[in-house]
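Chemist: What follows is a structure written as structure tokens; I'll ask about it next.
In our numbering, the protein residues as written are 14 to 107.
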């Protein structure tokens, strides 16, 4: 699990790569909102904390992004707080 994340302050997101077909397949760019990282994963609003939260929770974030991409490969992947329910947050805490 490799998290290639960078903060994009102009869009209020953290951008990261997913590989639906593994590392030999295409590289897809996805985004998660700063708000989701703060509300669901406890990040602070600074760049280092946002990226760290994305990296620390990348298993769950990547799974959500891959599922979203699989449903609509023609649309950009942007994850928001609503994509991560209370059950997901509890599972990450355990």
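Just so you know, even glycine gets a beta-carbon here, dropped at the ideal spot from N, CA and C.
#1: Have a look at residue 59 and residue 85 and give me their C-alpha separation to the nearest angstrom.
#2: Can you check DSSP and say which residues form a bridge with residue 26?
#3: What number of angstroms, rounded off, separates the C-alpha of residue 27 from the C-alpha of residue 33?
#4: Quick one: residues in its chain with C-beta nearer than 8 Å to the C-beta of residue 96, no 5 flanking neighbours on either side, listed in chain order?
#5: Is the beta carbon of residue 91 sitting closer than 8 Å to the one on residue 44?
Modeler: The structure says:
#1: Near 31 Å, if we compare the C-alpha coordinates of residue 85 and residue 59.
#2: Residue 26 pairs with 21, 46.
#3: If you take the alpha carbons of residue 27 and residue 33, they lie about 19 Å apart.
#4: Excluding the 5 residues flanking it on each side, residue 96 has same chain C-beta neighbours closer than 8 Å at 49, 77, 81, in chain order.
#5: Taking C-beta atoms as the reference points, residue 91 and residue 44 count as a pair closer than 8 Å.
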